[in-house]
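Below is one structure, written out as structure tokens; the observations come after it.
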Amino acid sequence: MAEENKDLKRTTEELTWLENLQRNSWEPEVIISGIILAFLFAFPSKIYAFAARLIQDVGLHFVGGMLVLLYLSAIISVFKIFFVVHLALRFIWAGLLGLSYAFPQGVINKNLFKASQQYEYKKPGELVLQMERICSMTFAYPISQVFLILIFTVYLGFLLFIYVWLDISFAIVYLIFMVSLLGFVTMLLAKKKSRWKENFATSMMGSVGAIYQSNLGKWFSILYGAIIMIFAMPLIYEDVKDFSMFFNETNLLEREREWPTKGLTYADFHNEESRYPRFFLPSETVESDILRVGVARYQGDSKILIDLNDQFRIQLDTMNWHELKDTPDLYRFYLDEEVIQAGTWRRSRIQVTDQKVYETTLNISELEPGIHTLRVEKVMLRYSIFSNKPEEILLRKYWDEIDFIKK
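Heads up: the sequence shown runs through residues 76 to 482, numbered per the numbering used here.
Have a look at this one:
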């Protein structure tokens, strides 16, 4: 009997503790939301630089880098919306709380216009409790997503490690990911009961999702997540804008040539925490007869250089290309559509991002003052999708194009 009373007392104390936490949940909710939002708004530039680093320094294919950027940007943007919505709801909650303090009795019907006196209005306290429930529900919803995101993130990291370690085609890695994803969804939707499905369903992630579905409706959580994703689309677009310039194997897009982004081309407009995608100049205006030029180094160019010298020497001679000794020799310069020879190349690193770049100089003493165009060609190779072997030589005539003003 004494043991039962002890257990009953312990259960009562635990319930009281939980109820107190629930009543005061707004404090940790607001603090956590504020801290996470501050972190999330500072993070997009980091994932942009991270995806660019994977392409330039690690040698990841552009499609892979773009998928990494889109994936991480989608996660960040969706959680931004989640926590912004939560803080906005808490703002409404705080207003209702103040209203309940100022007018605890609620509506005085006889003081209303006659047309409004016939309704029975909710009391401020009821509104506060209703909004409290909505706020707590909104804050807890991301929990149903975060564990699944963590699992996929770890799995994607493992696939990227395999891609770099084994030096296999990105198409194979992508195929492995899609097949495994399809297999996971198929097993999840299968009616046959299994041990792992039971463990997955009864896990914290599965339980939270089941709570939402059973209390708010089967389709509510899916619809709510879809609406949040739609609102996150503009943020995702801003996070991935101009990332196509990191596609080493292609020419500049027409819009990139017509409306260039100065911050990716000139050092005096450049954000020191971001990386250069292609060629860059110290300034848009040149006051001397020597033009300093820099170019981002791509890890994949080393393989291209070797394969070109081994298997495409005749084609290079036909193109009247200069000797390929180092990766900067993959480029050819045109100044106002006239070929111009580069000086000696040197290697260096940019301080904040630790980006590897090549630097050289061009003699522009004979140029007249005014606006001039530096066009850069690059010789590349097309590789087999699955075997990763070189198949065809490619000439990118508009790999980059930069305007500058000579005074």
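Where a beta carbon is used, it is the ideal one built from N, C-alpha and C, also for glycine.
{"Asked": "Is the distance from the Cβ of S456 to the Cβ of D382 below 7 Å?", "Found": "The amino acid occupying residue 456 in the given sequence is Leu; Ser does not appear at that position. Yes, the pair counts as a contact, with Cβ atoms nearer than the cut-off."}
{"Asked": "Could you name the residues that DSSP lists as bridge partners for H136?", "Found": "None, per the DSSP bridge assignment."}
{"Asked": "Kindly list the residues whose CB is nearer than 8 Å to the CB of L96, restricted to its own chain and excluding five residues on each side of it in sequence; keep chain order.", "Found": "Only weak support exists for where L96 lies, its pLDDT of 49 falling under 50; the coordinates are left without a value."}
{"Asked": "If you drop the 5 nearest sequence neighbours on each side, which residues of the same chain put their C-beta closer than 7 Å to that of E348?", "Found": "S120, A124, V427 and T428"}
{"Asked": "In terms of residue numbering, what span does the beta strand (DSSP E) encompassing L423 cover?", "Found": "Residue 423 is actually Ser in this sequence, not Leu. S423 -> beta strand (DSSP E) spans R421 to R424."}
{"Asked": "Can you tell me which of the three DSSP states L96 falls into?", "Found": "In this prediction, L96 scores a pLDDT of 49, lower than 50, which makes its location untrustworthy; the coordinate-derived value is nonetheless stated afterwards. Of the three classes helix, strand and coil, the one that applies to L96 here is helix, per DSSP."}
{"Asked": "So, are the CB atoms of H161 and S211 less than 7 Å apart?", "Found": "no"}
{"Asked": "Exposed or buried, which one is W240 when buried takes at least 16 other CB atoms within 10 Å?", "Found": "exposed"}
{"Asked": "Using 7 Å as the threshold, is the C-beta distance between V370 and Y433 below it?", "Found": "yes"}
{"Asked": "Where does L380 land, buried or exposed, given buried means 16+ other C-beta within 10 angstroms?", "Found": "buried"}
{"Asked": "Identify whether Y146 lies in helix, strand or coil by the three-state DSSP scheme.", "Found": "helix"}
{"Asked": "Return the chain-ordered ranges of every alpha helix (DSSP H) run that is complete within the segment 352-404 and spans a minimum of 4 residues.", "Found": "375-386 and 388-393"}
{"Asked": "Relative to the C-alpha of I460, which candidate in L135, L234, E313 and A246 has its C-alpha closest?", "Found": "A246"}
{"Asked": "Answer yes or no: do Y409 and R367 have a C-beta to C-beta separation smaller than 7 Å?", "Found": "no"}
{"Asked": "Thinking just about the alpha-carbon of each residue, which of D364, L129 and L399 is nearest to the one in I539?", "Found": "Residue coverage of the chain in this structure runs from 76 to 482, which leaves residue 539 outside it and unanswerable."}
{"Asked": "Do you know offhand how far T360's Cα is from Y341's?", "Found": "10 Å"}
{"Asked": "Ignore the nearest five residues each way along the sequence and tell me which others in N463's own chain have a CB closer than 8 Å to its CB.", "Found": "D242, I243 and S244"}
{"Asked": "What does a CB cutoff of less than 7 Å around I446 pick up in its chain, not counting 5 residues either side in sequence?", "Found": "D478 and I480"}
{"Asked": "State buried or exposed for M320, treating a residue as buried only when at least 16 other CB atoms are found within 10 Å of its CB.", "Found": "buried"}
{"Asked": "What are the boundary residues of the beta strand (DSSP E) that M455 is part of?", "Found": "G445 to Y458"}
{"Asked": "Who pairs with D483 in a beta bridge, going by DSSP?", "Found": "What is shown of the chain runs 76 to 482, which leaves residue 483 out entirely."}
{"Asked": "Find out if the Cβ-Cβ distance for the pair L164, T213 is shorter than 7 Å.", "Found": "yes"}
{"Asked": "To which residues does DSSP link P309 through a beta bridge?", "Found": "Partner(s): none; P309 has no beta bridge."}
{"Asked": "State the DSSP-derived secondary structure class of K316, mapped to helix, strand or coil.", "Found": "coil"}
{"Asked": "When burial is assigned at 16 or more other CB atoms within 10 Å of the CB, is A113 buried or exposed?", "Found": "exposed"}
{"Asked": "Is it the case that the segment 193-206 contacts the segment 218-234, given that we only count it when at least three CB pairs across the two stretches are under 8 Å?", "Found": "no"}
{"Asked": "Helix, strand or coil: which one does DSSP assign to P217?", "Found": "coil"}
{"Asked": "Reducing DSSP to helix, strand and coil, say where V414 ends up.", "Found": "strand"}
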